[in-house]
Structures are given as C-alpha cells and as structure tokens.
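Taken in order, these protein sequences are the chains called V and R.
In terms of the working numbering, the first sequence opens at residue 2 and continues consecutively.
In terms of the working numbering, the second sequence opens at residue 2 and continues consecutively.
Written below as structure tokens is the structure these notes are about.
2 protein chains.
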Amino acid sequence: MQENCGVTTNFRLPGPTPLPPAVLQAMQREMIPHRGSGLNELYTSILKRAREIHRTDGDVLLWPASGSAGWEIAVVNLLSPGDPVLCTVIGDFGDRFAKVAEAFRLEVRRLDLPWGQALTPDKLKSQMERNPEVKAVFLTHNETSTGVTNPLPDLAKVVRDQGALVVVDAVSSAAGLPLLMDEWGLDFVLSGSQKAWMCPPGLTIVGVGPRAWDAYQRSTYPRFFWDLGAAKDYALKGMTPTTPPLTLFYAFDAALDLILDEGLENVWRRHARLGERTRRGIKELGLSLFEDEAFASNTVTAVAVPEGLTAKQITQAMKRDHDVVVAGGQGHLSEAMIRIGHMGWCDEADVEGCLEALSSVLAELGAERRVVSGVA
Amino acid sequence: MQENCGVTTNFRLPGPTPLPPAVLQAMQREMIPHRGSGLNELYTSILKRAREIHRTDGDVLLWPASGSAGWEIAVVNLLSPGDPVLCTVIGDFGDRFAKVAEAFRLEVRRLDLPWGQALTPDKLKSQMERNPEVKAVFLTHNETSTGVTNPLPDLAKVVRDQGALVVVDAVSSAAGLPLLMDEWGLDFVLSGSQKAWMCPPGLTIVGVGPRAWDAYQRSTYPRFFWDLGAAKDYALKGMTPTTPPLTLFYAFDAALDLILDEGLENVWRRHARLGERTRRGIKELGLSLFEDEAFASNTVTAVAVPEGLTAKQITQAMKRDHDVVVAGGQGHLSEAMIRIGHMGWCDEADVEGCLEALSSVLAELGAERRVVSGVA
C-alpha cells in the first residue's frame, strides 16, 4: 500500500504507521476559522464517526497531544490524589501507565505479568479480591511492546463486578481490533492517531462512558487543558476549548472515511488476516513468536530474536538491504525481539514483503555467522 | 500571498494564519521512525533555529498541544499550589491565563486594565510593591483580543528587580515581533504554532531560561506530560518523551527556514510595515482604532465598530462579498470591534485587499442603514 508520494519503504513499525494518500492529501487544505461553522460541522462529524468506531453511545473527545496524554487525562479527570488504583502491567506501556499514576500520587497497586503473557480473568480476579478498595483498574487492550492482546471483555467484567472503573489503553487496538466500548462496559478508552487510525501522531482520542462522567464529578485534581467537562461542553457546540489542530482534524476526517468506507468489521477482519498471515510466516521461517500465541495481537507481532543475533542486526539489515522498517523491542527486552506492525494502512502484500525481507536477512546474517564461526 | 492550492480567500484572522505553500508541501512527507536518527536530526535542528528566533541561549522545547497549554506548562513546572502570583490582564487572553492559575490553585492577585490599554511599567511597579511576595508575574506580550503590544522589556525589568519570575504569553508575538528572551530577561516564554510561526495549530513552543530551571527544581505539582525536565532530557538526544507530532515538525521545520531565509529582523520590519499600513488605512477610512495607538500591535489591529453597526455585520459582509476573513471581538467586546490579523504569511497586498474590502463593505452597510432609516 506504499505507492504514494514516491515512498517505496515498507514501513512496518507498530506506529507511527504509514499515511494513506487520502490522508496526506487532506492535509493540503488551508486553514479555516477555528470558531466558525466549517469547524463546527467538521468536528461534529468527526466525533460522530469516532463514536461509531468506539461502538459507544457515550462521548468521544479529541485533544492535540500524543497517545500518552490519554493516561494523564484519565488520571486527572476520574480520580483524586491518594486514590487506590490497580495497574495491570504486561509490558512497557502498562508500566508507563503505572508511572503516570505514581507521578500523580495515586496509591498504585501493581499486577505484573511476565512480558509476552496476557492477563487472564482469574489472575485479575484474585488480585481484585485482595484489593477490594481500588477505584479504577488500568488495563492495556493491546500491548504494543510485546504483541499481546488482553482478553479485554472478560477483564472488564471482572473489574465492573467489583465496582471499579475500567480504564483502557487502546492505543494500538482502536480502529484495528474489535473494541466494543459499551457492550464490554469500558468506562474510559484512550488512543492515539498514529496507529490503526492511519493518521500522523498528534491527536489523543478519548472515549468517556457514563460511569466515567460520574467519577469526573468527584475528582479533585486541578486541571485546565485536560478538563473533560470543558471539552464536552465545547464539543456539543462543535468546538474545542482551545485552538484545534486543524490539519490533524483534516487527516482524521479522511481516515475515518477510509475506515467506514471499508466497513469497520471488514477492517477488523483484515487485521485478523494480517495477524494470522504474519504469525504463520514467522513460523514458516523457523522463528518463534515472543508472545503467547493464544493471545497474539493482530496489529503487531513480536518475534523472538534467534540465538546469536540481536534485534538491531536484523532491523538494520532489513532497512539497509530491503527498505523494510520494523522495530526492535522495548525496555529491558530491546534486543530480544523484533516487532512487525501490521495495523492501519497495511495489506497482505506489505506483510509478504516484510516476511521475504526478514527471510533474506536471516539467511545473510546466518551465513555471516557461519563464516565467522568457521574462521574462528 | 494567497495563491496556493487554489485558495483565493484573504485569510486575515489573528490566527490561525494561512500556511505558505512550502509549509503545506512539507506535510506531504511520509512518517519516519520517531526514535530514529532522522527524527533526532530534525528535532535538534528545529530547536536550534527556534532558539535563534527566541534570541536565547536557553532552551526551547515543543509539545503537541495548543498555545493555551503553554500556560499550564508554566504553572505546573515553575510553581507550587498556593504560591502567590500576579496576573496582569489587558484583554481576554490575560484573563484566561489568570483562570488557569486559579484552576491550579495558585493564589492569584490580578492587575486588570481596561481593554485596549497597555500595561505601563509604573502601574506594574506600584502593584508589585503592594505584592512583594509574588513568585511570578504573568505578562501578555501581545494581547490578541485587543491589538495591544505591552512594553515587555520595561515590564520584565520591573518584575526582575523584585525577584519574581517573568512568565510571558508570546502567542501572537513570537516570530513576528521583536522578542529578545535573554536580553529582556524573560524566564519563560510560550507560544503556539498557528500565529506568526505560519504553521497549523497543534504545537506549543516554550522557551525556558536559567531562573525558570531553578524554579522547576522547587515546584511540587504532580506532572507527567508537561514535565519540563523530561522534555529537556529527551531533547538533548533529539527526541521527545512521547511520540512527536511528525507532520507538525515537518511544517515547523519548513516555516523556520522561511523565517530565517527572510531574516528575522526583516520579518520584524515587515510586520512593522504591515501594522503601520493597516492603522493608516483604518484611519483613512474614517474609522478609529480600538486600542491605544501608542501601543498598537504590529501583528493584529483592532478596529472600533462604527456606531449603528455590529462586528458580525461587517465580518459577514467581508466574507460573503469579498472573500476576506477577519475576526470580531472577544469576550464582552465581541461586537465592539473587528480584528485584522497581519502576521505570519502576509504582505502589503493582503493588507491592501483587506482594507479595500472593508471600505466597500462599510459603504454598502452605511447605504443600507440610510435606506432603512429613511423607510423608518
């Protein structure tokens, strides 16, 4: 899908993801008055379609910011300093979410799982029972750093059964994987524009359900820029409290059309196919998945780096020799895995091209290794 | 300057301002890895040129956000809850800055002036003497809502003589009006990309001097996304703590080149000429400036609406009949003035065209009024 603008790179990071031509083109539009009817119609229409993609009758609101800001928006609007919360951590982004909670002086209880594993409802339930007073549970829907998709509907049910708020990092799932905010009982969902939304980074997208609005009424954090109530009051008039990031709105508008023209369920099916094809290809190459395959993500695949090689050797050779961009690992596992993004503007040919490049690079690197071993 | 992309509108809002073709074109670039050397070089180069435009050897840092976020960044990084601060208010944006300070539970002392007037060093000095304990003074360099430029160097001196921090809203001055951060002793300067920077909205630009860094060490606000220290640590490596808004970086990069290719002092001179030409034209039309002419801004001119007319009548007719977009007033003076932006990508022909349209509209509306009066 990479024929636009002379770009030949097969850009397979797990975000930012490549921009479709229609999204790039949309950003060629000049400025419009940010308090006029043009903006009002645009923003109203964007929010309507974003609600559809969140499968919610609640609110969706946008900020000019990065996905990580969504964590802060959750904390300062739904909680108060000292509130006990449970942070479930299955990878680097869950860990960062916990760090934000600590920075804002919540009383953080952590449930850490080995990276590559999913959180199961049983484990969550027993942890919840030991921490009955937590006011919110932070869940990662899709952990970008390990290629794991948590069983979110089941986890959300466990949390709600105990009365806590369900706060979900959906940065690398929203618009790519099924995410039924109302049906699954998610109270607060955050994501960023640069993943399956197929937009440049710079927009934080937040879904807010009725229980989150109740919590907002009780929250005592001082806040201004992230204030949910102000954002909603303005959104009802088709406006944002401060100047909106117009080009990113233009881009998001175009991307929403692409998603809904394809059909949201078709988008989910395409991601399922791409995930399945990637995993099959990885195994055909004799490689192992880093993640527990039962919970493997359909937006990003983490591949265990074969013994004797580093992630950097593989990613650099793929870029240098094949113009294919994939990522290494994160945190303490930066050299232990490579991660292939297959979300957003991505089709089977992109995945095939990526697998071919990987196959070729492994042969080269393996050959080099043998030569070096032989010499030694 | 409005021939790009088939746009014929003379877009003369005081922000967002029109995008030069080079800036629009820059946003056609595809995504790059946000943790790679390409981003490192781009961000390092952007910050170097942004420091040049701030005339500072201190730091300049960027966030994906709107200009208003700069107020919050100042508060949560330089102060602590309950700190006494002096908010000087000469218009709507000064008022909003004070509201942010109140939202964050600073102890706010206000110095309000009638809208249209500038703050003079004498008035500031006597207020400072009555409030010797304030830790920071919030100053508006250029008040977008009234077309007034405060005498910032003199005001900053008064504040520093008393030892308080000089925090400056330069949203509609930075990159358009002289702003000598180090020479004038400004500790913290905030602006937004969508004014004289000639970029789309979505970037917050912040200048931080040594006394601001000292204050940062003492600040006790909880913070994550706005943390100055994290932003600086990453900037030293050419990175941002969270995913950077790549297309806005591309745009900013192109705009910085335009500014520095023209020459910063030439940019200031052009704005001075445009301001002077606008004010002369307004007076030639028999209209009055809203603002005290001794402190009239060279980026935005506020024009008093003639008796018997409203701002809306004029702005709507200018758009409908001449495709010229200007703004009405803000806050309680929304119908009392129209505001003409002449900052960023703007030349003499744009100002002439705007004045001609205004002249024509006034004749039409005046004629209508006479007919209506005659009928009555």
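Ideal Cβ positions, reconstructed from N, Cα and C, are used throughout, including at glycine.
Partner residues in the beta bridge of Pro65 of chain V, as assigned by DSSP, are V:Leu204.
The Cβ neighbour count for Arg30 of chain R, taken over all protein chains shown within 10 Å, is at least 16; the residue is labelled buried. Per DSSP, reduced to three states, the secondary structure at Arg111 of chain V is strand. For a cut-off of 8 Å, the C-beta gap from Lys136 of chain V to Pro85 of chain V is around 6 Å, short enough to register as a contact.
Close to chain R, meaning a Cβ-Cβ distance shorter than 8 Å, are the following residues of the region 248-268 of chain V: Thr248, Leu249 and Ala252. Just so you know, the alpha carbons of Val326 of chain R and Phe250 of chain V end up roughly 21 Å apart. For Gly193 of chain V, there is no enclosing alpha helix (DSSP H); the residue is found in the beta strand (DSSP E) stretching over Phe189 to Gly193. Residue pairing of Glu144 of chain V in beta bridges, as defined by DSSP: V:Val149.
For Thr302 of chain R, the uninterrupted beta strand (DSSP E) run begins and ends at Val301 to Ala305, by DSSP. When DSSP reads this structure, Thr89 of chain R sits in a beta bridge with R:Leu112. The CB of Thr147 of chain V never comes closer than 7 Å to any CB in chain R; the least such distance is about 17 Å. Within chain R, the C-beta atoms nearer than 9 Å to that of Glu73 of chain V come from Arg224, Phe225, Phe226 and Trp227, in chain order. Residues of the region 55-79 of chain V whose Cβ lies closer than 7 Å to any Cβ of chain R, in chain order: Pro65, Ala66, Ser67, Gly68, Ser69, Ala70 and Glu73. Inclusion of Arg280 of chain R and Glu294 of chain R in the CB contact set at 8 Å is warranted, their separation being smaller than that value. Residue environment for Thr221 of chain R: exposed (fewer than 16 other C-beta atoms within 10 angstroms of its C-beta). DSSP places Gly71 of chain R in the uninterrupted alpha helix (DSSP H) bounded by Ala70 to Leu79.
For the options R:Pro21, R:Ile74, R:Leu20 and R:Trp185, the alpha carbon positioned closest to that of Ala231 of chain R is the one of R:Ile74. Runs of the beta strand (DSSP E) spanning 3 or more residues and lying entirely within the region 236-320 of chain R occur at 301-305, in chain order. Remark: C-beta atoms of Asp254 of chain V and Ile47 of chain V approach each other more closely than 8 Å. For Val135 of chain V, the secondary structure class from DSSP, reduced to helix, strand or coil, is coil.
Taking a contact as a CB-CB distance under 8 Å, the pair Val172 of chain R and Gly193 of chain R counts as one, their CB atoms being some 5 Å apart. Taking a Cβ-Cβ cut-off of 9 Å, the neighbours of Phe12 of chain V in chain R comprise Glu31, Met32, Ile33 and Pro34, given in sequence order. Under the Cβ distance rule, Val352 of chain R does not count among the residues neighbouring chain V, no pair being separated by less than 8 Å. With 16 or more other Cβ atoms from the protein chains shown falling within 10 Å of its own Cβ, Lys196 of chain R counts as buried. Using a Cβ-Cβ cut-off of 8 Å, Arg106 of chain R counts as an interface residue toward chain V, since at least one Cβ of chain V sits closer than that to its own. Residues are counted here when their Cβ sits less than 9 Å from a Cβ of chain R; for the region 228-245 of chain V these are Asp228, Thr241, Pro242, Thr243, Thr244 and Pro245, given in chain order. Under the three-state reduction of DSSP, Asp170 of chain V is assigned to strand. Buried is the label assigned to His272 of chain V, since at least 16 other Cβ atoms lie within 10 Å of its Cβ. The DSSP-derived three-state label of Arg106 of chain V is coil. Only residues of its own chain outside the window of five on either side were considered, and among them Gly282 have a CB closer than 6 Å to the CB of Leu356 of chain V, listed in chain order. When DSSP states are grouped into helix, strand and coil, Arg340 of chain V belongs to the strand group. Residue pairing for Ala328 of chain R: DSSP places it in a beta bridge opposite R:Arg340. Separation of Trp198 of chain R and Glu349 of chain V (C-alpha to C-alpha, rounded to the nearest whole angstrom) is 42 Å. By the criterion of a C-beta distance shorter than 8 Å, Gln314 of chain V is surrounded in its chain by Leu366, once the five residues flanking it on both sides are discounted. By the 16-neighbour rule on beta-carbons within 10 angstroms, Ser38 of chain V is exposed.
Those residues of the region 177-196 of chain R placed with their C-beta closer than 8 Å to a C-beta in chain V are Gly193 and Gln195, ordered along the chain.
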